[in-house]
Structure formats: structure tokens, C-alpha cells
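Participant: All residue numbers for the sequence shown refer to full-length UniProt numbering, where the first residue is 19 and numbers rise by one.
Take this structure, written in C-alpha cells, and hold onto it; I'll ask about it next.
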Amino acid sequence: FRVLALESSADDTCAAIVDASRRVWSNVVVSQNKIHRLTGGIQPMVALLAHQRKMPSAVRRALTDAKLEMADIDGVAFTRGPGLPGCLSVCLNAAKTLAAAHNKPLVGVHHMQAHALTPNLTRDTPLPFPYLSLLVSGGHTMIVLVQSHVDFRVLCNTVDRSIGSTIDRVVTLLDIPWAANGPGPGLEKFCATSAAEDSDASKYDPPIPMPGKLAFSYAGLHSWVERTVAAAGGLEHINKLAVARAFQTAAFKQLQVKLQLVLRTHGHAVRHVVVSGGVASNAELRHRLKTSIRGPIEFVFPEPALCTGMLLDFVLSTPSISPPIDNAAMIAWASMHRFLAEDHDDYDIDPVPTWSLDDLRNPPPPKVQ
Ligand code: ATP
Ligand code: FE
């Protein structure tokens with residue numbers, strides 16, 4: 019069974035073809051990083067227009083790369099939510115129209131479910147359920163118990179903003195240069211420079227919020243950076259490396275501490291912790307988790323390069339950078355069990371911009387504005 023999947027929930031326009039035997043026929047990612055670098059972050063309207071502009075060529079490219087045509091496709095999948103409403107409408111409408119025109123079955127996918135199931139696309143041996151998934155991305159910071167393809171329990175969630183969006187804001191606040199693949203990798207590179215060794219990050223020690231509670235919070239850490247800069251009288255008066263390093267350490271330490279808390283109650287039931295989402299590509303985070311949490315738990319970090327995403331906007335200028343984590347191959351893979359069970363969606367399906375993994379089977383009805 020061969021699925022063409024489309025994804026446009028945030029800032030990448032993606033199309034991919036994957037089959038039930040886990041072969042990735044093509045995986046196209048058109049990154050909007052260049053555009054959003056100019057505006058200092060994702061502007062919903064700018065992102066929507068870019069998706070509208072790029073989706074048709076992404077679809078064409080996915081078919082051409084795979085040397086396939088629509089007649090060779092058995093089903094069409096798309097990201098139904100959560101995400102920016104306008105952005106979601108692009109992959110939703112493109113997928114619905116393609117499926118209807120070619121008389122193919124249609125499946126809408128939960129973006130975070132796709133992140134959580136990605137390891138079973140990339141690993142040779144599938145992960146046994148249940149496992150824990152630490153999702154750390156631009157929109158989410160949560161620990162989820164994955165009991166099956168469709169049974170998820172959110173055990174720890176953020177009460178305010180996500181770690182990724184906090185990283186992006188702090189990069190802007192501290193005026194840290196972006197890397198070619200975005201602000202997060204820019205922070206990682208900045209903190210890893212050799213001068214960081216003597217940057218004296220240890221003199222700052224922002225507290226871990228809500229100790230003992232199963233909840234993340236990143237608003238306080240963001241305002242800690244703001245206060246530190248303001249108290250010193252501006253950016254030019256602080257040791258930027260020290261502050262950036264202290265911020266990064268505190269952000270990751272919080273993930274570690276809350277994960278340890280979850281493992282106290284669920285550690286006996288699970289053998290694997292999957293760390294996914296854009297922030298999971300940070301080597302410092304990987305190192306911290308692997309060295310601080312030992313025992314029978316094995317960490318699984320899905321390949322950042324999840325196969326062979328083609329970055330159309332980047333291939334010409336910077337061919338060596340690793341592709342981003344968001345892609346449509348994971349959406350195709352997350353839809354597969356439903357296609358195989360012939361559990362399809364109607365062509366008049368609505369997007370679900372706000373959608374908890376706990377409500378996967380019963381998404382909330384669309385809000386009438
Ligand atoms: P979501 O998946 O929740 O809808 P998203 O698609 O925006 O959100 P991802 O693409 O999974 O999220 O992740 C993007 C986030 O990851 C950004 O905030 C980015 O700065 C951060 N990020 C990417 N690489 C790194 C890195 N090496 N270190 C730290 N943060 C990173
Ligand atoms: Fe994502």
C-alpha cells in the first residue's frame with residue numbers, strides 16, 4: 019500500500035511517498051527558514067502564503083523523485099492538526115482535492131502522533147509498546163505514554179510555552195546568529211564554541227519550575243533571560259555565552275528532571291524513551307539524557323535525517339546541513355495502519371488546529387467563528 023502524504027502545519031511545506039513495507043519513495047521538504055529568518059519567527063500569514071506557493075511543486079517533486087504518478091498511489095494522507103489554522107488548510111485542501119479527483123481514500127493524521135510513531139519507520143526492529151515519548155518541538159513539550167498506534171496518554175505537558183518556541187525567542191533576545199537550519203541549531207552551535215568553556219555559565223543557575231510536579235514550564239526561564247539582560251543594562255554588558263549556556267542547560271535540565279519523575283511511576287512498564295521533535299537533534303540534550311538517566315531504559319533518537327528529505331530551498335546553497343525533523347514521511351507512516359484497516363476519513367473532513375493526543379480518537383468539533 020503506497021501513501022502520498024502532505025504536511026504544512028507549521029513552517030515546512032512537505033510531500034512524501036511511503037509504502038506499507040516502510041520504503042520511503044520520496045521525501046520532499048521545502049523549508050521556509052529563509053523567509054522566517056527575515057521576520058524573526060513564524061508569521062502565520064507569511065507561512066500560509068509560502069505553503070500555498072510551494073505545495074503544488076512539492077507534490078510534483080515527490081511524484082517525480084519516486085518516478086510514480088497518481089495512478090500508482092493507493093491513498094492520500096495529510097496533517098489534520100494540531101497547527102496554525104491557515105497553514106493546516108493548505109495540506110488539508112490539497113490532499114482532499116487530490117484524493118477526490120483521483121478517487122483515492124483519505125486519512126487525516128495528528129502531527130504529534132506522527133512524531134511519536136516515527137521510530138517505527140526508521141528502525142529495523144519496531145519498538146515494543148508501551149514506550150515513552152518525549153516530544154520537544156516548536157509547538158510542544160510533553161511526555162507521552164504510547165500504548166499502541168492510537169492509545170496515547172499525556173503524562174506531563176507544558177503549562178505555558180514550548181521549549182522550542184522559548185529557544186527561538188531567546189536566540190532573538192540575545193541576538194545569537196541563526197544556523198542555516200534555524201535558530202535552535204544556532205543556539206547549539208553558539209553554546210558549543212570553545213570560548214563557552216570559560217564563559218562562566220555556572221555563576222547563573224535559573225531554578226527548575228514546580229519541583230516535584232508533573233508539568234513543564236518555560237515562561238519563567240524566558241523572563242529570567244529578559245531580567246538578566248535588563249539588570250545588566252543591555253546586551254552589550256552581559257557575557258552572552260554565559261547567559262546562553264546557562265539558559266540551554268536549565269532548559270534541558272528541566273526535561274531531564276521531569277522525565278526522571280515520570281520514570282519513577284512508569285519506569286517499570288517501559289523499556290524505551292523516544293526523544294523526538296526539532297529540539298531532539300541537539301547533541302547536548304542527547305548527551306545529558308543518556309548520561310544522567312541510566313538503568314534499563316534505552317533512549318531512541320530518530321534519525322534527524324529521517325531518510326532523505328530533499329530540502330528544495332537549501333540544496334543549492336548548503337547541501338551538507340541535516341534536514342529538519344518535520345516531514346511528510348512521518349505523516350504517511352502514521353496513516354498506514356488506518357489505510358490497512360480501511361478506516362478512512364470523509365472528503366468533507368475539517369482541520370483540528372487545537373487537538374490533544376489524549377483525544378486522538380475523538381477530536382473536538384471545529385469551532386464556528
Ligand atoms: P510542532 O511539531 O510542535 O508542530 P514544529 O514543527 O515547529 O512544531 P519541529 O520542527 O519539530 O517543531 O522543531 C522546531 C523547533 O526545534 C524550533 O523551535 C527549533 O528552534 C528547535 N530546534 C531545532 N534544532 C535544534 C537544536 N539543534 N537545538 C535546539 N533546538 C532546536
Ligand atoms: Fe513537528
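Ideal placement from N, C-alpha and C gives every residue a C-beta, glycine not left out.
Mind listing, in chain order, the continuous alpha helix (DSSP H) runs of no fewer than 4 residues lying wholly within the segment 200-273?
Facilitator: Counting whole runs of 4 or more residues, the segment 200-273 contains the alpha helix (DSSP H) stretches 201-210, 237-250.
Participant: Taking the alpha carbon of Pro371 as the reference point, which residue from Lys85, Val46, Ser107 has its own alpha carbon closest?
Facilitator: Indexing the sequence shown from 1 puts residue 371 at position 353. Checked all of Lys85, Val46, Ser107; the closest Cα to Pro371 is Ser107.
Participant: The ligand ATP and Ser39: does any heavy atom of the ligand fall closer than 7 Å to the residue's C-beta?
Facilitator: For the purposes of this step, residue 39 is identified with residue 21 of the sequence shown, where counting begins at 1. Not under cutoff, so the answer is no.
Participant: CA-CA distance, Leu378 and Ala213?
Facilitator: Sequence index remark: in the sequence shown, residue 378 carries index 360 (1-based). Sequence index remark: in the sequence shown, residue 213 carries index 195 (1-based). In a straight line, the C-alpha of Leu378 is about 46 Å away from that of Ala213.
Participant: For a test of your reading of the model: does the CB of Gly313 fall under 7 Å from any non-hydrogen atom of the ligand FE? Yes or no.
Facilitator: Mapped onto the sequence shown, residue 313 falls at position 295. Checking the Cβ of Gly313 against the ligand FE gives no.
Participant: Would you say Pro62 and Cys105 are within 8 Å of each other, going by their C-beta atoms?
Facilitator: Taking the first residue of the sequence shown as position 1, residue 62 is located at position 44. Taking the first residue of the sequence shown as position 1, residue 105 is located at position 87. Yes, these two residues count as a Cβ contact at 8 Å.
Participant: Starting from the Cα of Val288, find the closest Cα among Tyr236, Ile315, Ser299 and give me that residue.
Facilitator: Here the question's residue 288 lines up with position 270 in the sequence shown. Nearest C-alpha to Val288: Ile315.
Participant: Between which residues of its own chain and Ala260 is the CB-CB distance below 8 Å, once the five residues before and five after are set aside?
Facilitator: Translated into the one-based positions of the sequence shown, residue 260 becomes position 242. Excluding sequence neighbours, Ala260 sits near Ser217, Asp218, Ala219, Lys221, Tyr222.
Participant: Start and end of the beta strand (DSSP E) containing His290?
Facilitator: Here residue 290 corresponds to residue number 272 of the sequence shown, with the count starting at 1. Segment 290-294, the beta strand (DSSP E) holding His290.
Participant: Would you kindly work out how many angstroms separate the C-alpha atoms of Ser335 and Ala298, rounded to a whole number?
Facilitator: Looking up residue 335 in the sequence shown gives position 317. Looking up residue 298 in the sequence shown gives position 280. Its pLDDT being 29, under 50, Ser335 is placed unreliably by the model, and nothing is read from it.
Participant: Let me know the secondary structure DSSP gives Val318 once reduced to three states.
Facilitator: Working through the sequence shown from its first residue, we reach residue 318 at position 300. Val318 falls in the strand class under three-state DSSP.
Participant: Across the segment 23-38 and the segment 75-91, are there enough close Cβ pairs to call them in contact, namely three or more that are closer than 8 Å?
Facilitator: Flag = yes, the segment 23-38 and the segment 75-91 touch.
Participant: Below 8 Å, how does it come out for the segment 175-188 and the segment 234-249: are there three or more Cβ pairs, yes or no?
Facilitator: In short, these stretches touch, since the Cβ pair count reaches three.
Participant: Going by the beta-carbon positions, is the gap between Val318 and Pro137 smaller than 8 Å?
Facilitator: One-based indexing of the sequence shown puts residue 318 at position 300. One-based indexing of the sequence shown puts residue 137 at position 119. Yes, they are a contact pair.
Participant: Alpha helix (DSSP H) containing Leu66: first to last residue?
Facilitator: Walking along the sequence shown from the start, residue 66 turns up at place 48. Residues 62-84.
Participant: Here's a check: name, in chain order, each residue in its chain whose Cβ is nearer than 7 Å to the Cβ of Ser374, leaving out the five neighbours to either side.
Facilitator: Residue numbering aside, residue 374 sits at position 356 when the sequence shown is read from its first letter. Cβ within range, chain order: Val172.
Participant: Do Phe96 and Ala118 have their C-beta atoms closer together than 8 Å?
Facilitator: As a working note, residue 96 is residue 78 in the sequence shown. As a working note, residue 118 is residue 100 in the sequence shown. Not a contact, by the Cβ cut-off of 8 Å.
Participant: By the 10 Å Cβ neighbour count, where 16 or more other Cβ atoms means buried, how is Val292 classified, buried or exposed?
Facilitator: Within the sequence shown, the letter at position 274 stands for residue 292. Counting Cβ neighbours within 10 Å, Val292 comes out buried, since at least 16 surround it.
Participant: Closest to Leu192 by CA distance: which of Asn199, Met73, Cys209 is it?
Facilitator: Taking the first residue of the sequence shown as position 1, residue 192 is located at position 174. Among Asn199, Met73, Cys209, the Cα nearest to that of Leu192 belongs to Cys209.
Participant: At a cut-off of 7 Å, is His128 close to the ligand FE when judged by its beta-carbon and the heavy atoms of the ligand?
Facilitator: What you label residue 128 is simply residue 110 of the sequence shown in a count that begins at 1. No; taking the cut-off as 7 Å, the Cβ of His128 has no heavy atom of the ligand FE nearer than that.
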